[in-house]
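Worksheet: the structure to be examined is printed underneath.
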Amino acid sequence: MELNTQEEALLKEHLHKFSLEEKGPPIRSGLTELDAFFLRRGGIHYGKVIEWGSPIGRCGRFMILRFLRDLHESVVWIHGQKEELEVYAPAWAERGVDLSLFYFIRSRSPLPDLRPLFLEPAFKVIVMDCPERLSPGDWSFIASKVRENKQLLFVLRPFFLSTKRGNPLVSWRVNCWLKPKQGKYCLNFLKGGEGKIEIPMSRVRDT
Amino acid sequence: MSVISLKHHLKRGQGLPSFLGIKGKLDPEEAFLIGSRVMQWSDEILFIDLSNVHHYWRWAAQGEELLPFFERKFKEFFEASDLKFCFAHHPFQAVLNLKLQEDHLSCLGTPQGDLYFRQQDFRHWEDVLEEFGAHIPKKERRDFKKSIGRFNRFLERMKITKPFDILSIKQDSLERRFGKWLGRAWSWVFKGFDKGTLEPEQGDLFQTNFLGFDMSFPWHGVTIKDSPFVKRFLDHPLSEWEHMCEPLVEDMNKLLKNYRELQQERVTRVNWVVTLESLEVKSCSIIFRNPHSLLDDAPKFETFLFQAYYSYLSMMKELEQREDNLDFPIRMATVGWRLEVQESLRTAHLNEDLLSGGVSSSRMEMENKLPLSLQSFGLRPSFFPETSFGSREDEYLGEKLPWLAASKRKPLFVFKKIEPLNLEGNYKRTFLERVSTIWWHGSEPEMGDRDYYLIEDDGGIMWWAFQDPKGGWFKHGLFS
């Protein structure tokens, strides 16, 4: 069956909107071994959701900043950590974050409270830090919206993720923590190319 | 050789004060060209609250410094009139300054503005306080007048001539002796001048008021003449939000059609007066954090509906709490409403509205949809952790400060309040840096020398903690 020009344009638009195939180079952390792991499944692109297990006090959030610092895109960080904690801007700036592009908002239940953030691509990157609970319906909503709006979503969990319960709506599930005695970051990929890697702390911090 | 500039200028990255005082013959309606919240103080002075239009003007300035930008705008808007303008951190400061001001423009926060303000004496205080008396509740006016007399005698007896000579006087001491209004007026004089000013914190979800605004000041806003409104009596009571959306959108379209001038305005507050089934009338304020164009929002009014929903939810919560003790709580259905535009910025004939895009613009639009404002941070030229950053992006310095390198070993989140840390059991500590006290800021107890450590407890949790000269341990941050 042949399509006329109008139908072709509509199909193209539709494919672009819901395309699983992302354009442009992948988003990198600058750490070769880590990027190689992500590249096994096409690399991180806009439209993807990454679930990141990192208990509080284990420094896993520093690794996320490696991906965000060179993006030059607006980022919203939804932090649902303890009430008594607040953002300490100099530490973010020194890790390469452009503070003029970073916005923060406090919410423990981003859905439904901050629903508008997912309805349009005002922010190219969304980080949900310690969301209280996300129902299967919430996951389905955010995954489809992130794909539709070509946003990148990190969901940071204050616990280690396990393989007992999977998540079909995310592209990667990774546990990340620091082993201070060995001076190494450990990353355990549960979904999206299973395996473990260790990266020296100094490389994460100083390069 | 040092060069002294006599022109008011703010330091790079410094934010403009949130209030503008205007002295001269100006119709309050014209003041809506600058801001949506206007108050007439006296026959010759009026104030404009810039806090809710600040982002808009900064976006409109397209990178130009705000002070020269406003100077240009004043000439453009009020060309022929002989007006005097004063930017201040509080309306009371603006009125004190305007009483003596000879220049066309002054701005607190600039070296010249601050110097001029600090040198002021009490000459005009009596006039200003008497004018202020007209804005407080009637029953308190008599006592307030008496307290002005007592205050003047106190100043004479103590030979005090300038407010800044006696910074040590506390607001509560003055309130005890001369009443709450004089105590408050005293504290307003120093707003923006104190060193340890706390930044407004992000409040609860669905709040309907701005935290930045000083609620203790009796602000009596000028209402818009013939404010646009639309009324509706529903055919049947509605209790589900989903069912209300359609008639609300219909009404907003009607409002925009009936009042064509609204198409050239940016609204900041719509009053939604809801009549409930019990015939109780409740008022909900639909507040936009940044001036919002209803024309751009039409015909679906998505942004309006978000804010209306938050407001409705907060009203329903309040009602449900009130009715909670009843055996059979009544589900409060709505039978009608009145929508009235209460505050708006008249941006007609401005080219800025033609501009669009950019992070700032999309941020403004998104903020209007969210129940909370987005926070952004900037760095300040200070090595002391608590004073090294601010919550406004105007503070951003843009360049690397030498002591920032140490921040690589600091956590992303810190405790709002520093609390003692009990170090028990096995733990490992690694020395990070010594931070000296800011001795020139006075001897505040929490600002002592600090030896910062990275503490790893036996559970593997890493803390950012310090030891004070007395050996006490305090937790300051948590590595996450």
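First to last, the protein sequences are chains A and B.
When we follow the working numbering, the leftmost residue of the first sequence carries the number 1, and every step to the right adds one.
When we follow the working numbering, the leftmost residue of the second sequence carries the number 1, and every step to the right adds one.
We treat Cβ as the ideally placed atom computed from N, Cα and C, and that holds for glycine.
{"Check": "Does L66(B) come out as helix, strand or coil in the three-state DSSP assignment?", "Outcome": "helix"}
{"Check": "So Q120(B) packs on L96(B), CB below 8 Å; how close in whole Å?", "Outcome": "6 Å"}
{"Check": "State the Cα-Cα distance for the pair S29(A) and L68(A), rounded to the nearest angstrom.", "Outcome": "8 Å"}
{"Check": "Starting from P218(B), follow the alpha helix (DSSP H) in both directions and report where the run begins and ends.", "Outcome": "Premise fails: P218(B) is in no alpha helix (DSSP H) and is neither H nor E."}
{"Check": "Mind listing the chain A neighbours of A405(B)? Cutoff is C-beta to C-beta under 8 Å, in chain order.", "Outcome": "E94"}
{"Check": "For chain B, find out if any of its Cβ atoms is closer than 8 Å to the Cβ of C176(A); answer yes or no.", "Outcome": "no"}
{"Check": "Count the other C-beta atoms from every protein chain shown that fall within 10 angstroms of the C-beta of F466(B), then say buried if there are 16 or more, exposed otherwise.", "Outcome": "buried"}
{"Check": "Quick one: using the 10 Å Cβ neighbour count with 16 as the cut-off for buried, is L161(A) buried or exposed?", "Outcome": "buried"}
{"Check": "So, are the CB atoms of V270(B) and V189(B) less than 8 Å apart?", "Outcome": "no"}
{"Check": "Output, in chain order, the set of chain B residues within a Cβ distance shorter than 9 Å of E208(A).", "Outcome": "An answer regarding residue 208(A) cannot be provided, because it is not within the stretch 1 to 207 covered by chain A."}
{"Check": "Consider the Cβ of P299(B): report whether some Cβ of chain A lies at a distance smaller than 8 Å.", "Outcome": "no"}
{"Check": "Counting only beta-carbon separations shorter than 8 Å, does Y46(A) have a partner in chain B?", "Outcome": "no"}
{"Check": "By how many angstroms is the C-alpha of V230(B) removed from the C-alpha of K255(A)?", "Outcome": "Limits of chain A in this structure are 1 at one end and 207 at the other, which puts residue 255(A) out of reach."}
{"Check": "So, under 8 Å CB-CB, K417(B) and E84(A) are touching, yes? Tell me the CB distance rounded to an integer number of Å.", "Outcome": "7 Å"}
{"Check": "Could you tell me whether the segment 359 to 369 of chain B touches the segment 89 to 96 of chain A, using the rule of 3 or more Cβ pairs below 8 Å?", "Outcome": "no"}
{"Check": "So, does the CB of Q375(B) fall closer than 8 Å to a CB anywhere in chain A?", "Outcome": "yes"}
{"Check": "Mind the definition here: the segment 71 to 86 of chain B touches the segment 23 to 31 of chain B only if three or more C-beta pairs lie below 8 Å; say whether that holds.", "Outcome": "yes"}
{"Check": "Listing by chain order, which chain B residues have their CB less than 8 Å from the CB of Q81(A)?", "Outcome": "F413 and S480"}
{"Check": "Is L174(B) helix, strand or coil when you go by DSSP?", "Outcome": "helix"}
{"Check": "Once you ignore the five residues that flank G192(A) on each side, which residues in its own chain have a CB closer than 6 Å to its CB?", "Outcome": "R41, S171 and W172"}
{"Check": "With 16 as the cutoff for other CB atoms within 10 Å, does R260(B) come out buried or exposed?", "Outcome": "exposed"}
{"Check": "Which bits of chain B does P116(A) rub up against, with CB to CB less than 8 Å?", "Outcome": "F306, M366, K369 and L370"}
{"Check": "What number of angstroms, rounded off, separates the C-alpha of I438(B) from the C-alpha of R205(A)?", "Outcome": "29 Å"}
{"Check": "Looking at chain A, which residues of the segment 450 to 475 of chain B have a Cβ within less than 9 Å of any of its Cβ atoms?", "Outcome": "L454, E456, D457, G459, G460, I461, M462, W463 and W464"}
{"Check": "Just to confirm, are P116(A) and F306(B) a CB contact at a threshold of 8 Å?", "Outcome": "yes"}
{"Check": "Determine, using beta carbons only, whether F159(A) comes closer than 8 Å to chain B.", "Outcome": "no"}
{"Check": "Helix, strand or coil for S407(B) per DSSP?", "Outcome": "helix"}
{"Check": "Check whether chain A comes within 8 Å of G378(B), counting only Cβ atoms and requiring the distance to be less than that.", "Outcome": "yes"}
{"Check": "Please report the residue range of the beta strand (DSSP E) in which Y185(A) lies.", "Outcome": "K184 to K191"}
{"Check": "Suppose the cutoff is 7 Å on Cβ atoms and the five residues either side in sequence are ignored; what does the same chain contact list for N152(B) look like?", "Outcome": "E126"}
{"Check": "Is S147(B) helix, strand or coil when you go by DSSP?", "Outcome": "helix"}
{"Check": "Taking C-alpha atoms, which residue in V76(A), L34(A), E132(A) and I50(A) lies nearest to A143(A)?", "Outcome": "I50(A)"}
{"Check": "For Q375(B), tell me which candidate among S74(A), K48(A) and R61(A) has the shortest Cα-Cα distance.", "Outcome": "S74(A)"}
{"Check": "Taking the straight line between their C-alpha atoms, what separation do you get for I56(A) and P90(A)?", "Outcome": "19 Å"}
{"Check": "Only counting the same chain, and skipping five residues up and downstream in sequence, which positions put a Cβ closer than 7 Å to that of S285(B)?", "Outcome": "T208, R269, N271 and S311"}
{"Check": "Just list the residues that DSSP pairs G53(A) with in beta bridges.", "Outcome": "R157(A) and N175(A)"}
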